[in-house]
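Asks: One structure coming up, written as structure tokens, with questions to follow.
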Ligand SMILES: [Zn+2]
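Residue numbers (my numbering): 45 to 512.
Here you go:
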């Protein structure tokens, strides 16, 4: 980094920078500052008050709006080569930049990326098709592929996933061995934590009620999440290694994570926008579109998630973006078990946090910066190249008009699926421009960069814990 910085500064003193964005409220780690930034070779070269900004080839007036680091969506099912009818690197990455997301961490749906060949193939596909930067999970860990962890970490793919429940249920031994390996070589293990025994038992009680979408939630009670999180944290306490709990949804689950943090276990967690917006009692109205795992929960759980986000018990907000062709949702209109589990989200994270968070005083701007950008960059080993406005960091940023209102419709969605769970909602606070490495990728409703612009980002060791 230091040699790059030196050359950046040398160039800066020689003449104008490539791009200046002025008249912004800059969301820095230290707080909000009036001014602008200058960009050279895709990196932030200057952060200064407007009167001190250099000449530039291109000057953009941010109109007094907030300028924050681009979001890092650390859990998005964007490109699985066996399910390209759902989403692709191109469509999913366009949805990302339209939502202010400048880097996403792809997670496979079915297709493992657990060999060096698979990693190289996926990097090549992404760099050909994605409009923005990306990295990815290896996929679901099992008895066979856990031995690949050190090799994959060396290659920059340092995020692994395990399930305590179907469809990729593994045993506790695999979780023990994966976390032990990770404690030696870095990386993190993300666990989808729901106890399969509880799901089996409660699911079998729902006899004739599967025509009601809410049954999907009632069949997966909170205690399933609580027990699986508790056990995963107990394992991590023994093995060391970074445990990341995927999409926490319940008050009890948050409490377990918080207790783990207080015990000194290296555990972080994430929450999804749909769990911050919708509740279980809306499922029958929303229909089979509202099916995902873990499911929508009670109102008290939603309140607990917002408060956990504000106090730092939840580290980051991720989309768990996993939409599907509408037919796969409609297949569950008579029996919710037949519907695909998953919804859109990569275009909605920032909108939800602005409209439901900032706008309703449930979130501060400094917390927004942490949960959207800085924390995921740290957890996934991308900091400080990503996730922060800092000299020498990649010039990934989004400009937000907090006073603008927008009605959410399927038409504005860049995702391949052509529908959105948020249809018809009016939201206040809109990402109006997104820049990736100094290039404008999204401008007032239009994606302005071509597929192939995105680069793979190797996960470094990071410092993992967010300190929040
Ligand atoms: Zn997921």
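We put the beta carbon where it would ideally sit given N, CA and C, even for glycine.
#1: Flag residue 82 as yes when its Cβ comes closer than 8 Å to any non-hydrogen atom of ligand 1, and as no otherwise.
#2: Determine, using beta-carbon pairs with one atom in the stretch 333 to 345 and one in the stretch 85 to 97, whether at least three such pairs fall under 8 Å.
#3: Nearest by alpha-carbon distance to residue 443: which of 498, 70, 147, 378 is it?
#4: Can you tell me whether residue 306 is buried or exposed, with buried defined as 16 or more other CB within 10 angstroms of its CB?
#5: Per the DSSP calculation, residue 475 is bridged to which residue(s)?
#6: The alpha helix (DSSP H) spanning residue 213 covers which residue range?
#7: If contact is defined by three or more beta carbon pairs under 8 Å, each pair taking one atom from either stretch, is the stretch 381 to 398 in contact with the stretch 423 to 435?
#8: Starting from residue 327, trace the alpha helix (DSSP H) both ways and give me its first and last residue.
#9: Under 7 Å Cβ to Cβ from residue 129, same chain only, skipping five residues before and after it: list those, please.
#10: Using DSSP with H/G/I as helix, E/B as strand and the rest coil, what is residue 134?
#11: What residues are listed by DSSP as bridge partners for residue 69?
#12: Any chance you could list the beta strand (DSSP E) runs of at least 3 consecutive residues sitting entirely within the stretch 174 to 261, in chain order?
#13: For residue 367 and residue 285, what's the separation of their Cα atoms in angstroms?
#14: Would you call the stretch 178 to 188 in contact with the stretch 149 to 165, where contact means no fewer than 3 C-beta pairs closer than 8 Å?
#15: Mind listing which residues have their beta carbon within less than 6 Å of any non-hydrogen atom of ligand 1? Chain order is fine.
#16: Rounded to whole angstroms, what's the CA-CA distance from residue 405 to residue 314? Just pull it up for me.
#17: Give the DSSP-derived three-state secondary structure of residue 63 in the structure shown.
#18: If we ignore side chains and look at the alpha-carbon of each, how far apart do residue 479 and residue 76 end up?
#19: Please report the straight-line C-alpha distance between residue 277 and residue 453, rounded to a whole angstrom.
#20: Here's the rule: buried if 16 or more other CB atoms are within 10 angstroms of the residue's CB, otherwise exposed. What is residue 173?
#21: Do you know offhand how far residue 53's Cα is from residue 436's?
#22: Under three-state DSSP, which class holds residue 452?
#23: Excluding the five sequence neighbours on either side, which residues of its own chain have a C-beta within less than 6 Å of the C-beta of residue 239, listed in chain order?
#24: Within the continuous beta strand (DSSP E) that includes residue 119, where are the two ends?
#25: Can you give me the C-alpha to C-alpha distance between residue 492 and residue 241, rounded to a whole angstrom?
#26: Under 9 Å, do residue 139 and residue 365 count as touching if we go by C-beta distance?
#27: Using only the alpha-carbon positions, how far apart do residue 502 and residue 377 sit?
#28: So the candidates are 302, 322, 309, 388; which of them puts its Cα closest to the Cα of residue 355?
#29: Relative to the C-alpha of residue 247, which candidate in 73, 68, 210 has its C-alpha closest?
#30: Residue 68 and residue 111: beta carbons closer than 9 Å?
#31: Roughly how many angstroms separate the alpha carbons of residue 266 and residue 198, rounded to a whole number?
#32: Throw me the rounded Cβ distance for the residue 234 and residue 290 pair, which I believe falls under 8 Å.
#33: What separation, rounded to the nearest whole angstrom, lies between the Cα atoms of residue 187 and residue 194?
#34: What are the boundary residues of the alpha helix (DSSP H) that includes residue 318?
#35: Quick check on residue 353: does DSSP put it in helix, strand or coil?
#36: For the beta strand (DSSP E) containing residue 147, name the first residue and the last one.
Replies: The answer reads as follows:
#1: no
#2: no
#3: 70
#4: exposed
#5: 444
#6: From DSSP, residue 213 is part of no alpha helix (DSSP H); its letter is neither H nor E.
#7: no
#8: 327 to 330
#9: 369
#10: helix
#11: 78, 110
#12: 177 to 180, 203 to 207, 232 to 236
#13: 31 Å
#14: yes
#15: 119, 121, 151, 364, 366
#16: 20 Å
#17: strand
#18: 19 Å
#19: 40 Å
#20: buried
#21: Note that residue 53 scores 48 on pLDDT, short of 50, meaning its location in the model is unreliable; the coordinates nonetheless yield the value given after this. So the alpha carbons of these two residues sit roughly 10 Å apart.
#22: coil
#23: 268, 271, 272
#24: 115 to 120
#25: 48 Å
#26: yes
#27: 42 Å
#28: 302
#29: 210
#30: yes
#31: 37 Å
#32: 5 Å
#33: 15 Å
#34: 317 to 321
#35: helix
#36: 145 to 150
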